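Protein sequences appear in the order of chains A and B. Take the first sequence: its letter number 131 is residue 131 in full-length UniProt numbering, and every next letter is one higher. Take the second sequence: its letter number 77 is residue 77 in full-length UniProt numbering, and every next letter is one higher. Structure record follows, encoded as structure tokens.
Protein chains: 2
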Amino acid sequence: MSDLSIGKLSRASGVKVPTIRYYENIGLLAAPPRSEGGQRRYDKTNVERLRFIRHGRALGFGLDDLRALQELSDRPNQSCQRADAIASRQLAEVERRIAGLEAVRVELARMLDHCAHGEVDQCRVIETLSDHALCEGDHLKIS
Amino acid sequence: MSDLSIGKLSRASGVKVPTIRYYENIGLLAAPPRSEGGQRRYDKTNVERLRFIRHGRALGFGLDDLRALQELSDRPNQSCQRADAIASRQLAEVERRIAGLEAVRVELARMLDHCAHGEVDQCRVIETLSDHALCEGDHLKIS
DNA sequence: CCTAATCTCTCTAGTCACTAGAGGTTCAAG
DNA sequence: CTTGAACCTCTAGTGACTAGAGAGATTAGG
């Protein structure tokens, strides 16, 4: 019930209208019923669903991961094997990212501090970023 | 000096061969001199440069940011204003990401724990990700 | 010096996750 | 019942690559 147009769904979920249609296209969001004239009519469950996607995306999950996670939540009472696989893969990835971001956070903070009373040649971001030390956890997305 | 082929540069920097050519195409890496037969010949400074790009990318900087940062490092002794702007924007973004990932890390860990002896309906990752509380810092890339 | 294996060249097209625009139709407020 | 906002489909463009075809260059071994 509560019959939302795509525009209202967009405002409620924070996902842009064309993006919602795109998600439908690629099968990430189920095609909703249509009005007489052919316009999409959603119910509130879609708001939840899109928020989930939005936050997941913002945190770096791929659409495939989100699709998998959604499927799991659609039929619970299954054995957890698949969920477990997805989750532990994601956990490792998330931890790796946190570590990398933490390193950069420190460096950016230092840079801002130096910059507050100096010149660019005080800034170590470039050095820091070309530093080979960062390569340890080098199963990065970027080859 | 030290005359690297594109393949050697690739191995030394960790950036794939086609990606190096792509960076040249879009003007992120200067076009190097060529051999008699027309092959690219690099020197060691390019290794540094590509490492910088690689790490920056892996940590979420866009190519435009990296281009800007590079330009700054090419002519230091400038005022730090621009570098500062880039850096503080990135710092805010990085901190926001860390916070979000931290929340997800906790949820994934809990999920794995539940999954260890249970069913999918115990899993709260989806709830967590659709939670509106995450919306506070809502200047997310994903609109 | 010659050959074979390995690189490298350019170019086009594909990927992911959108985003923008054209050109046309439907809905809902007044 | 009109009018203007919102909706429809479709194609094409974005960023940051990645893959493949087909042709030419380089280098190590014999």
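C-beta: ideal position from N, C-alpha, C; glycine also. Nothing here was measured: the structure is a model prediction, and the numbers come from that model.
My output table needs one value for residue i: the three-state DSSP class, helix, strand or coil.
| i | result |
| --- | --- |
| ARG41 of chain A | coil |
| CYS135 of chain B | Bear in mind that a pLDDT of 48 at CYS135 of chain B, under 50, signals an unreliable position, so the number given afterwards is only what the model happens to contain. If DSSP states are grouped into helix, strand and coil, CYS135 of chain B belongs with the helices. |
| LEU50 of chain A | helix |
| LEU28 of chain B | coil |
| GLY56 of chain B | helix |
| GLY100 of chain B | helix |
| VAL15 of chain B | coil |
| LYS141 of chain A | Any reading at LYS141 of chain A must be qualified, since the residue scores a pLDDT of 33, below 50, and its modelled position is unreliable; no value is offered. |
Report the partner residues of residue i according to the DSSP bridge assignment.
| i | result |
| --- | --- |
| LEU4 of chain A | A:TYR42 |
| ARG110 of chain B | BP columns for ARG110 of chain B are empty, so no partner. |
| ARG34 of chain A | A:ARG40 |
For a contact meaning CB atoms closer than 7 Å, what does residue i contact in chain A?
| i | result |
| --- | --- |
| GLU95 of chain B | ARG105 |
| SER88 of chain B | LEU112 |
Taking 6 Å as the limit between beta carbons, can you name the residues of its chain near residue i, skipping five residues before and five after?
| i | result |
| --- | --- |
| ALA31 of chain A | GLU24 |
| GLY14 of chain B | ARG54 |
| TYR42 of chain A | LEU4, LEU9, PRO32 |
| SER35 of chain B | ARG41 |
| LEU140 of chain B | Because LEU140 of chain B carries a pLDDT of 34, less than 50, the predicted location of this residue cannot be relied on, and no value is offered for it. |
| SER88 of chain A | none |
| ASP113 of chain B | none |
| ASP74 of chain A | none |
For residue i, which of the options has the nearest alpha-carbon?
| i | options | result |
| --- | --- | --- |
| ARG28 of chain A | A:SER10, A:ARG110, A:ASP64, A:SER5 | The question names Arg, yet the displayed sequence has Leu at residue 28 of chain A. Selected option, being the one with the closest Cα: A:ASP64. |
| ASP19 of chain B | B:ARG97, B:ARG51, B:ALA92 | A small fix is needed here, since residue 19 of chain B is Thr in this sequence, not Asp. Of the listed residues, the one whose Cα sits closest to THR19 of chain B is B:ARG51. |
| ARG21 of chain A | A:ARG105, A:LEU108, A:ARG40, A:SER35 | A:ARG40 |
| ASN46 of chain B | B:ARG11, B:VAL104, B:ASP113, B:GLY37 | B:ARG11 |
| GLU95 of chain B | A:GLY56, A:ARG105, A:ALA58 | A:ARG105 |
| MET101 of chain A | B:GLY38, B:ARG49, B:ARG57 | Looking at the sequence provided, one finds Leu at residue 101 of chain A rather than Met. Residue B:ARG57 is the option with its Cα nearest to LEU101 of chain A. |
| GLU93 of chain A | B:ALA92, B:GLU93, B:ALA109 | B:ALA109 |
Taking C-beta pairs closer than 9 Å, name the residues in chain A that residue i reaches, listed in chain order.
| i | result |
| --- | --- |
| GLU102 of chain B | VAL94, ILE98 |
What residues in its chain sit with their C-beta under 7 Å from that of residue i, if we drop five residues either side in the sequence?
| i | result |
| --- | --- |
| SER2 of chain A | ASP43, LYS44 |
| ARG67 of chain A | LEU28 |
| GLY38 of chain B | none |
| LEU69 of chain A | ILE86 |
Report all residues from its chain with a CB closer than 8 Å to the CB of residue i; omit the five preceding and five following residues, and keep chain order.
| i | result |
| --- | --- |
| GLN90 of chain A | PHE61, ASP65 |
| GLY7 of chain B | VAL17 |
| ARG97 of chain B | GLY60 |
| ILE26 of chain A | LEU63 |
| GLU48 of chain A | none |
Can you list the residues of chain B that residue i reaches, using a CB-CB cut of under 8 Å?
| i | result |
| --- | --- |
| LEU91 of chain A | ARG105, LEU108, ALA109, LEU112 |
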